[in-house]
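For the sequence shown, position 82 matches number 82 in our numbering, and the numbering has no gaps at all.
Where a beta carbon is used, it is the ideal one built from N, C-alpha and C, also for glycine.
What follows is a set of notes on a single structure, which appears directly below.
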Amino acid sequence: MATPTDIVTLAAGAALGSVGTDFWHLARDGFAKVFRRHATPDEQSALTVRLDGFEQDLLALPSGERETAARYLSTGLAGDLRKVAEYSPQAAADLRRIAEELLATPGGITQGSGVVNSGVRIADNTVKGDLNFGGHTNTVVNR
Numbered sequence: 001m002a003t004p005t006d007i008v009t010l011a012a013g014a015a016l017g018s019v020g021t022d023f024w025h026l027a028r029d030g031f032a033k034v035f036r037r038h039a040t041p042d043e044q045s046a047l048t049v050r051l052d053g054f055e056q057d058l059l060a061l062p063s064g065e066r067e068t069a070a071r072y073l074s075t076g077l078a079g080d081l082r083k084v085a086e087y088s089p090q091a092a093a094d095l096r097r098i099a100e101e102l103l104a105t106p107g108g109i110t111q112g113s114g115v116v117n118s119g120v121r122i123a124d125n126t127v128k129g130d131l132n133f134g135g136h137t138n139t140v141v142n143r
């Protein structure tokens, strides 16, 4: 089981890794919902403003500098998210769910020092004949 530190680190990295992509609004909206559900009204506002500030800071940088800055800023965001995660196990689970959704997006979200997930997932399909695909680490589950 992941520790609260693992969860908030993952969530912060996924959120800031999504800045400048089509998935930023998914991240921001997801975190805003968690804040509304688990934080006080004052905290909701402050956390949302802080997220928007991180976005503005990262978008103001040249694209080649954003990843390094996102790693640096994710430490601060992780601290903010830790407060929310400590409210309840459900708050921590909600943060983890958002992070996992972001990291599973097609095209991948950069988190940490590289792409975490290429985002290709095939589920609930019936195939007659052969299905061929390649990659570094493929997992095939037969049900």
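If only uninterrupted alpha helix (DSSP H) runs of at least 4 residues are considered, those enclosed by the region 6-85 are 24-38, 41-59, 63-85. Cβ atoms of Leu102 and Phe23 come within 8 Å of each other, at about 6 Å.
Put simply, the backbone Cα of Thr48 is about 14 Å away from that of Val19.
Taking each of Ala99, Arg96, Lys33, Leu58 in turn and checking the Cα distance to Tyr72, the smallest one comes out for Leu58. Comparing alpha-carbon positions, the option among His38, Thr5, Val8 lying closest to Ala91 turns out to be His38. DSSP, reduced to helix, strand and coil, places Ala99 within a helical segment of the structure shown.
Burial of Thr9 is indicated by the presence of at least 16 other C-beta atoms within 10 angstroms of its C-beta.
Secondary structure of Ala93 (DSSP, three-state): helix.
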